[in-house]
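Participant: My structure is below; once you've seen it, I'll send some questions.
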Amino acid sequence: MTTGQQHTPSGLDPQDEERLPSIAEQMADQLGGWRGLVESSIPVVVFVIANVVGELRPALIASIAVALLIAAMRLAQRKPVRHALNGLFGIGVGALFALRSGDARDFYLPGILFGIGYGVALLLSAVIRQPIVGWIWSVLVAKGRSEWRDDPRLVRTFTQLTVLWGVVWLAKVGVQAGLYLAHQDTALGVARLALGYPPYALLLLITVWVVRRVTREGTATPLPGA
62 MTTGQQHTPS GLDPQDEERL PSIAEQMADQ LGGWRGLVES SIPVVVFVIA
112 NVVGELRPAL IASIAVALLI AAMRLAQRKP VRHALNGLFG IGVGALFALR
162 SGDARDFYLP GILFGIGYGV ALLLSAVIRQ PIVGWIWSVL VAKGRSEWRD
212 DPRLVRTFTQ LTVLWGVVWL AKVGVQAGLY LAHQDTALGV ARLALGYPPY
262 ALLLLITVWV VRRVTREGTA TPLPGA
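Using the working numbering, the letters of the sequence shown map in sequence onto residues 62 to 287.
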């Protein structure tokens, strides 16, 4: 390597950087586009409405049927089914909890428990300097590369972003947990929708923008001992 040679903090050369998807493309892929957003929300909306006007079991059947229909339509159209299957799995687990207890609010309990666990894991990963957001970035954006570990600025950036994700995640789950404990079934369903994709989309946008900005600033500085 010559004295004046430089490389980006992410460990990618300029040509690799140019081939990275745009912010909009990355967000569309992770959120499934507008269609993915709508389709993932429909089963929950169906459950909330059906549970308000009817009983628990018909509401669960309706929401599962809609989730299955959405997945089947995507398969028939040869469209990616990842988001549909994720939504179907979440609906199915929630339905099992609700059927077992006979309480409609338990439909949302798995999501609340998962959110608490995810938020705590995010904060713990930041404490031990293995930020989850950085590793997710490596898998989803950097084509499996993890050279960011050799750049103190990116390690610090991913650690701060991971803390942000953890705090926001625990805050939104805290709202849902409060409504769950207060037996506010309808409000809990509305909160599930309102605090689902919007915060996630905002966090994703902030993450992509911040990392790209840091990546474009100057040269990388290897970690001591690397």
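We treat Cβ as the ideally placed atom computed from N, Cα and C, and that holds for glycine.
Assuming GLY235 and LEU184 make a contact with CB atoms under 8 Å, what is their CB distance in whole Å?
Facilitator: The residue you call residue 235 lines up with position 174 of the sequence shown. The residue you call residue 184 lines up with position 123 of the sequence shown. The Cβ separation is near 14 Å, so there is no contact.
Participant: Is the region 149-168 in contact with the region 179-196, if contact means three or more CB pairs nearer than 8 Å?
Facilitator: no
Participant: Any idea what DSSP makes of GLN237, helix, strand or coil?
Facilitator: Working through the sequence shown from its first residue, we reach residue 237 at position 176. The answer is helix: DSSP assigns GLN237 an H, G or I state.
Participant: Distance check for TYR258 and TRP188, CA to CA, integer angstroms please.
Facilitator: Here residue 188 refers to the residue found at position 127 of the sequence shown. Here residue 258 refers to the residue found at position 197 of the sequence shown. Per the sequence presented here, residue 188 reads as Val, with Trp not at that position. Distance between the alpha carbons of VAL188 and TYR258 is about 26 Å.
Participant: Can you name, in chain order, every residue of its own chain whose Cβ lies under 8 Å from the Cβ of THR218, other than the five neighbours on each side?
Facilitator: Here residue 218 refers to the residue found at position 157 when the sequence shown is read from its first residue. The answer, listed in chain order, is VAL271, VAL272 and VAL275.
Participant: Just how far apart, CA to CA, sit SER102 and ASP211?
Facilitator: Start at 1 with the first residue of the sequence shown, and residue 102 comes out as number 41. Start at 1 with the first residue of the sequence shown, and residue 211 comes out as number 150. Approximately 40 Å, taken between the alpha carbons.
Participant: Can you look up ILE152 in the DSSP assignment and give me helix, strand or coil?
Facilitator: Counting from one through the sequence shown, the residue named residue 152 turns up at place 91. Here ILE152 sits in helix by DSSP.
Participant: If you compare alpha carbons, which of ALA123, LEU149 and ILE122 is closest to ALA133?
Facilitator: If you number the sequence shown from 1, residue 133 lands on position 72. When each option's Cα is compared against that of ALA133, the closest is LEU149.
Participant: State the Cα-Cα distance for the pair LEU263 and TRP198, rounded to the nearest angstrom.
Facilitator: Along the sequence shown, read from residue 1 onward, the residue named residue 263 stands at position 202. Along the sequence shown, read from residue 1 onward, the residue named residue 198 stands at position 137. Roughly 16 Å between the two C-alpha positions.
Participant: Can you tell me the Cβ-Cβ gap for GLY153 and ILE131, rounded? I've got them flagged as a contact below 8 Å.
Facilitator: The residue you call residue 153 lines up with position 92 of the sequence shown. The residue you call residue 131 lines up with position 70 of the sequence shown. With a Cβ gap of about 13 Å, GLY153 and ILE131 do not count as contacting.
Participant: Please check the pair ALA111 and ALA123, which I expect to be a contact at CB under 8 Å, by giving their CB distance rounded to whole angstroms.
Facilitator: On the sequence shown, position 50 is the one that residue 111 refers to. On the sequence shown, position 62 is the one that residue 123 refers to. The pair is a contact, with the Cβ atoms about 5 Å apart (cut-off 8 Å).
Participant: Taking all protein chains shown into account, decide if GLU116 is buried (16 or more other Cβ within 10 angstroms of its Cβ) or exposed.
Facilitator: The residue given as residue 116 occupies position 55 in the sequence shown. GLU116 should be labelled exposed.
Participant: DSSP three-state label for ASP164, please.
Facilitator: Within the sequence shown, numbered from 1, the residue matching residue 164 stands at position 103. Reduced to three states, the DSSP call for ASP164 is coil.
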